[in-house]
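The sequence shown begins at 944 in the numbering used here and counts up one residue at a time. Beta carbons: idealized from backbone N, C-alpha and C, even for Gly.
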Amino acid sequence: MNTARSRAAALVGIAAAAILALTACSTSSAETPVSSGAPSASTVEVSTPFEGESLTLATDANYPPCQFFEEGSDVMIGYEVDLWDAIAAKLGVSLQVENTQFASLIPGVQSGRYDIAMECISDNPEREEQVSFVNYIFDKTDVVTIESYDGPITEGDDLSLCGETMGAQTGFDTIDKVNDILNPACEEAGLEPVVIQEYPNAADTYNALNSARVDFMILGTSAAAYLNQTAPTPINYTGIESFPQKYLGMVIAKDNTELQEALLAGLEAVIADGTYLEILEKWGMESLALEEPGINLATTRPLD
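If you want it as structure tokens, here you go:
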């Protein structure tokens, strides 16, 4: 892939951490509880009915820089981890974090098993029919290949993806976008469709890419940039024009409007005191910040 944004990722010192982040606790469907301590009363700045309560938050901690496990430990880190801890402190709640597979996050919230789900989950109108989102950031979309890839994929030409094989994590909306947007364009152009190979987690998807069992992945820009910095095998990444920008959000049950409003209030407080921007700057994501968060923004305030 020829692109000015393509960079070699040869940062050997943190390569091992990247691989562990993509593989740690990702091969089993068993849920892993990770406790987040309750904040002190002095940190509570938002009055809500949930003060003093414990909420269950589900995630799939295999998607850097959103959340992943620190090298050699069971400590979960990432910008979403920092963000949910900051919001919990504002609300005066403790979080019981459960690590599970991505495909079970939204169904788990729908069933009432989890109060909240976070894993850089894209907000879209279809998902809003099932759950609600408290939106805290937006993201763009990139095509990722390994540097040794010598196929037809070319920057600025989405149709060059036609006929190639994409690796994707089960449950990601990338699959729907390829089927609904890109493959019809391939067919209209008289080209073969993108072949989709699904994997249960991000680690397996990346391993398939790294071993050339698939030709490309499609990731959020933040994840692609982080992978570029940390992957032991150099990658290339470039934007995909067919896919619009998207909001990411915390997932809450549609009928739990009280929790939706509380989380939004906590997020607004974190933005107001500067913690939000500090977190994004720490992870190199300040360009994706939202000036004004909201609920179900994919339908109430769509991005251009």
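- Leaving aside the five residues that flank A1029 on each side, the residues in its chain whose CB is nearer than 6 Å to its CB run, in chain order, V1213, T1218.
- Less than 8 Å divides the Cβ of G1182 from the Cβ of D1085.
- For Q1203, the CB contacts under 7 Å within the same chain, skipping 5 residues up- and downstream, are S1075, V1077, I1195, I1238 in chain order.
- In the DSSP annotation of this structure, the continuous segment of the beta strand (DSSP E) that includes Q1140 starts and ends at 1138 to 1142.
- Note: D1082 is bridge-paired with K1189 in the DSSP secondary-structure output.
- Q1073 and K1083 have their alpha carbons spaced roughly 23 Å apart.
- Separation of the CB atoms of F1186 and T1088 is rounded to 16 Å, and the pair is thereby denied contact status at 8 Å.
- Inclusion of A1241 and Y1006 in the CB contact set at 8 Å is not warranted, their separation being larger than that value.
- Within the same chain, and ignoring the five residues on either side of V1036 in sequence, the residues whose Cβ sits closer than 6 Å to its Cβ are F993, E996, L998.
- In this structure, A1046 sits near G1114, with a CB-CB distance shorter than 8 Å.
- In the DSSP assignment, P1236 falls within the unbroken beta strand (DSSP E) covering 1232 to 1238.
- The Cβ atoms of E1071 and T1002 lie no closer than 8 Å to each other.
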